[in-house]
Amino acid sequence: MSDADLDLLSESFADLLRAEWPIERAVAFASGDPAAISTNEGLQRSVIELGWPALTIAEEHGGLGLSRAAMARLYLALGAAVAPVPMLDTTLAAALIGDAGTPAQRERWLPLIASGSVRASISQPAMPALRCDGARMSGHARGLLDGGAANLFLLAAERRGRRGWVAIEASAAGVLVVPRRLVDPSRSAAEVVLDEVAVEDDAWILPPDPGRVADHLLRHAAIALAADALGAAESALASVIDYLKTRQQFGKVIGSFQALKHRLADHSTALVGARELLAYVAAMDDEDHHGLLNAISAKAQIARVAADVTRDCIQLFGGIGFTAEHPAHLYLKRAKLDEALFETGAGLLDRVADLLEAA
Amino acid sequence: MANPGSRLLTGLTDDDAFRRGVQAWLANALPTDWRTRLQGATEEDVNRFQLWWLEERRKVGLATPHWPREWGGPGLPFSRQIIAYEEMARADAPELELMLISLFHLPATLFDAGTQEQRDLYLSGVRDGNDVWCQGFSEPGAGSDLASIRTTAARDADHYVVNGQKTWSSYAMYADYCLLLVRTDPHAARKHDGLSLFILDMRSPGVTVRPIRQITGEGEFAEIFLDDVIIPASNRIGAENRGWAIAQSTLSSERGLLLLSYAERVWQGYRKLSQVTRPSWLSDVGLRREFASFHAELLTVRLMIGRLLSMTEESEEGRLATLPVYIKLYWAPLLQRYTEFLVRAGGLVDQEWQPPVACTGHSSGVPALDFLKSFSWTISGGSNEIMRNIVAERFLGLPRA
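Chains as they are written, first to last, in my numbering: chain A, 10 to 368; chain B, 353 to 753.
(1) Just to make sure I have the definition right: I need the residues of chain A whose C-beta is within less than 8 Å of the C-beta of T652(B). Which are they?
(2) Could you check how far apart the C-beta atoms of L452(B) and T568(B) are, in whole angstroms? I think they sit under 8 Å.
(3) Going by the CB atoms, is the gap between H714(B) and L687(B) shorter than 7 Å?
(4) Assign A215(A) to one of three DSSP states: helix, strand, or coil.
(5) Starting from the C-beta of I311(A), find all residues in its chain whose C-beta is less than 7 Å away, skip the five residues before and the five after it, and write them out in chain order.
(6) Would you be able to state if there are at least three C-beta pairs under 8 Å between the segment 116-134 of chain A and the segment 53-64 of chain A?
(7) Which of the three DSSP states is assigned to E469(B) in this structure?
(8) Should the segment 32-40 of chain A be called in touch with the segment 103-112 of chain A, which here means at least 3 C-beta pairs below 8 Å?
(9) Under 8 Å Cβ-Cβ, which residues of chain A neighbour M656(B)?
(10) Short check: CB of V581(B) to CB of V534(B), under 7 Å?
(11) Over the uninterrupted beta strand (DSSP E) stretch that includes T730(B), give me the two end residues.
(12) Are the beta-carbon atoms belonging to R343(A) and D193(A) less than 7 Å from one another?
(13) Give a yes or no on whether the C-beta atoms belonging to A233(A) and L280(A) are separated by under 7 Å.
(14) Give the DSSP-derived three-state secondary structure of A436(B) in the structure shown.
(15) Excluding five sequence neighbours on each side, which residues of the same chain lie with their C-beta closer than 8 Å to the C-beta of A494(B)?
(16) What is the rounded straight-line gap between the Cα of I329(A) and the Cα of E649(B)?
(17) Count the other C-beta atoms from every protein chain shown that fall within 10 angstroms of the C-beta of S728(B), then say buried if there are 16 or more, exposed otherwise.
(18) What whole-angstrom Cβ distance do S132(A) and L161(A) have, given they're in contact under 8 Å?
(19) For my contact list, P584(B) and G571(B) are in at a C-beta cut-off of 8 Å; report their separation, rounded to the angstrom.
(20) Looking only at C-alpha atoms, which of L153(A), V318(A), E116(A) sits nearest to S248(A)?
(21) By how many angstroms is the C-alpha of D579(B) removed from the C-alpha of G516(B)?
(22) Does any CB atom of chain A fall closer than 7 Å to the CB of S662(B)?
(23) Which residue from A92(A), L25(A), A67(A), A81(A) puts its Cα closest to that of I46(A)?
(24) Could you check what DSSP says for N399(B) in three-state terms: helix, strand or coil?
(25) Using a Cβ cut-off of 7 Å, which residues of the segment 612-632 of chain B contact any Cβ in chain A, in chain order?
(26) Based on DSSP bridge pairs, tell me the residues matched to H149(A).
(27) Within the 7 Å Cβ cut-off, does P755(B) reach chain A?
(28) Determine the DSSP secondary structure at I564(B), reduced to helix, strand or coil.
(29) Can you tell me whether DSSP reads A541(B) as helix, strand or coil?
(30) Is the shortest distance between the beta-carbon of P356(B) and the beta-carbons of chain A less than 7 Å?
(31) May I ask which residues mark the beginning and end of the alpha helix (DSSP H) holding E745(B)?
(32) Given this structure, state the Cα-to-Cα distance separating V361(A) from I305(A), to the nearest angstrom.
(33) Report the three-state DSSP secondary structure of R689(B) (helix, strand or coil).
(34) Could you list which residues in chain B have their beta carbon closer than 7 Å to that of V361(A), in chain order?
(35) What number of angstroms, rounded off, separates the C-alpha of S490(B) from the C-alpha of R409(B)?
(36) Which chain B residues are close to I250(A), counting only those with a beta carbon under 8 Å from its beta carbon?
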């Protein structure tokens with residue numbers, strides 16, 4: 010896809026979100042406003058109608074077959090609107106099944122994910138694997154993003170010494186889903202408790218190279234999360250710049266004060282750089298030797314920058330930015346969750362260092 | 353070689369062949385021990401070495417790789433100019449610091465605003481000779497506020513009489529000529545409107561140069577004292593009192609090629625540390641993570657420079673005005689933090705004084721000196737504080753104070 014095509018795609022994402030999820034609605038949703046909650050259900054339907062969950066799924070399985078660069082544009086838009094659309098784990102589940110699933114699993118799940126009727130949640134890499142050598146599985150898994158809305162769980166699990174994932178449907182007997190609120194009100198998680206849940210053979214994804222598959226997911230997640238965080242930071246910065254052009258104190262527009270200008274200039278510089286980096290890592294070939302290194306390195310960096318920028322935006326807004334009625338906190342919370350998902354800085358940086366030495 | 357023309361790389365008309373040609377030439381022409389020989393060398397030896405390398409480049413047609421034909425250069429397509437600079441940096445070829453103004457700012461200025469006679473006269477001195485040019489812009493009282501220049505040039509018949517003082521002029525003590533920005537109209541309503549740009553012959557009577565030692569111990573800068581110096585009116589570049597605009601375009605003339613070299617060298621150094629040198633501090637978990645965190649930022653700055661170069665190549669107007677400012681604001685503090693990190697990681701060992709290695713950009717391999725030298729990026733060429741004002745006021749639209 011050319012840059013111009015990607016820009017068109019971005020426009021289409023932004024158009025829908027502007028219409029259905031203006032920032033006031035995000036604020037209302039965060040405060041538990043029932044009207045906003047029901048509008049959010051409408052947003053979920055629109056998103057499915059427009060095929061967003063199908064974006065990166067192969068065409069043969071009912072998807073749109075678009076690139077990771079296109080996916081990055083989607084997450085930029087979602088982050089920019091702090092949209093409560095459970096999307097990341099569904100995207101990752103599709104990536105996992107597409108990459109390592111059996112042909113039967115691909116046939117079964119991918120069209121359902123593409124059509125929006127299956128919403129998935131997948132284990133974070135830091136979570137311990139469940140163990141099950143027989144036909145019934147017990148145990149519990151935590152930190153499952155979008156888990157409250159999911160009807161399919163892909164849990165990290167081990168079977169007879171082999172590492173992989175197991176697909177558990179939320180509706181199966183013995184499955185208890187306990188929703189967990191997150192600090193970020195635009196997303197949620199769940200804990201899943203399994204009590205003697207029947208596990209058929211075809212529920213297992215046991216690739217011969219689970220490390221490579223996990224890295225493939227990590228690379229996908231890193232790009233999506235970097236994009237999401239960057240989108241939030243760009244929105245936060247744009248809104249604080251507007252505010253500083255009108256807010257007056259001491260008889261002056263406060264945006265004329267150099268101490269504030271310089272901070273904005275630094276944030277703007279950091280985000281311009283982050284855009285360049287994101288575009289580059291999102292466009293890298295699957296086969297590229299440095300693909301993983303660059304993706305996780307970019308995630309650690311961009312999420313850090315986004316968390317810093319959104320944090321400082323609250324300070325720049327002052328008292329109004331500290332209130333729940335103002336959107337500034339939504340951007341910060343979004344960025345902080347993006348930073349924490351799929352490993353925080355330290356874990357990623359250790360991996361970056363490993364890859365740098367190996368490369 | 354029987355026919356010196358046969359060694360010209362500039363005749364290669366295909367990017368890949370050109371790259372291979374440049375690589376092969378560098379592998380052959382570049383002494384492997386030049387850094388060792390240059391470490392702690394006298395300034396005269398360093399200069400001699402640079403002129404020798406310029407001559408080597410000239411033999412293969414790469415003395416002025418980025419000069420178009422109308423400047424008397426090889427007229428390479430931009431992609432090959434990039435390749436030439438990229439490969440020279442990757443092979444760790446010496447940076448011709450002494451010739452910076454001669455190679456970049458002078459031709460851009462003369463082609464922007466000079467007369468044909470000035471171009472003919474002065475460009476050949478660089479293209480075919482060893483003319484060193486310096487820049488006389490800053491003054492003790494005119495740094496960030498450059499337009500407040502007080503050195504004056506008073507018109508007298510067919511010449512000007514110049515009085516005043518310039519400072520922070522790199523290599524002025526070795527320079528043959530100076531691009532000199534002075535005030536020709538002390539009464540202009542806007543101070544920017546009273547400035548003119550001149551070519552000053554540094555051998556003119558009344559010119560005194562005093563070198564300034566820098567915090568690195570090197571003596572790159574100098575002050576220039578001008579005492580009733582006569583400059584012929586024919587040495588004025590452009591119209592009288594139009595010097596400010598011309599000087600602005602001079603300052604932005606290097607189009608990323610120079611920065612490409614510097615960033616490429618730092619990147620090479622970074623990769624070498626993790627793969628070849630493997631200093632002992634890399635086994636410290638905290639320092640190793642901090643080191644790893646620079647990967648994304650160093651990659652980013654290379655990507656930003658790459659974007660600028662491709663926009664220049666495609667003549668895209670879009671962000672050509674903003675991107676160079678963002679690049680400087682990204683690169684300069686990054687370079688400073690990264691080199692500071694290397695000093696800190698190295699501990700006491702790197703506090704032991706070592707002589708500088710000239711011509712290495714910001715990758716001399718002496719961490720303390722690379723760190724100290726990084727201030728040349730955060731302060732010169734418009735200090736980062738000025739750059740932040742530009743971003744905030746011109747790009748983000750915040751009101752002036």
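Think of the CB as a built atom: it goes at the ideal place given N, C-alpha and C, for glycine as much as any other residue.
Since this is a predicted model, take the numbers as computed values, not measurements.
Looking at the atomic coordinates:
(1) Within chain A, the residues near T652(B) are G282, A283, E285, L286, Q310.
(2) Actually they do not touch by this definition, with Cβ atoms about 17 Å apart.
(3) Their beta carbons are under 7 Å apart, which means L687(B) touches H714(B) by this criterion.
(4) The displayed chain sequence assigns Leu, not Ala, to residue 215(A). Looking at L215(A) - three-state DSSP - the assignment turns out to be coil, as it is neither helix nor strand.
(5) A235, A238, L239, A283, L286, L287
(6) yes
(7) helix
(8) With the cut-off at 8 Å, the segment 32-40 of chain A and the segment 103-112 of chain A do not touch.
(9) V281, G282, E285
(10) no
(11) Element bounds for T730(B): not the beta strand (DSSP E) but the alpha helix (DSSP H), 727-731.
(12) yes
(13) no
(14) helix
(15) S500, I501, R502
(16) 33 Å
(17) buried
(18) So it is not a contact: roughly 13 Å between Cβ atoms.
(19) The C-beta distance from P584(B) to G571(B) rounds to 31 Å, too long to meet the 8 Å contact threshold.
(20) Checked all of L153(A), V318(A), E116(A); the closest Cα to S248(A) is V318(A).
(21) Answer to the nearest angstrom: the Cα atoms are 7 Å apart.
(22) no
(23) Ranking the options by Cα distance to I46(A), first place goes to A92(A).
(24) helix
(25) The residues in question are S626, Q627.
(26) For H149(A), the beta-bridge partners assigned by DSSP are V202(A).
(27) A query on residue 755(B) cannot be resolved here, the shown segment of chain B reaching from 353 to 753 and no further.
(28) strand
(29) coil
(30) With a pLDDT of only 47 at P356(B), under the threshold of 50, the placement of this residue in the model should not be trusted; the figure read from the coordinates follows. No, its Cβ sits nowhere closer than 7 Å to a Cβ of chain A.
(31) E745(B) -> no alpha helix (DSSP H), and no H or E assigned at all.
(32) 7 Å
(33) Residue state, collapsed to three classes: helix.
(34) Simply A644, H647.
(35) Roughly 32 Å between the two C-alpha positions.
(36) The contacting residues are L748, G749, L750.
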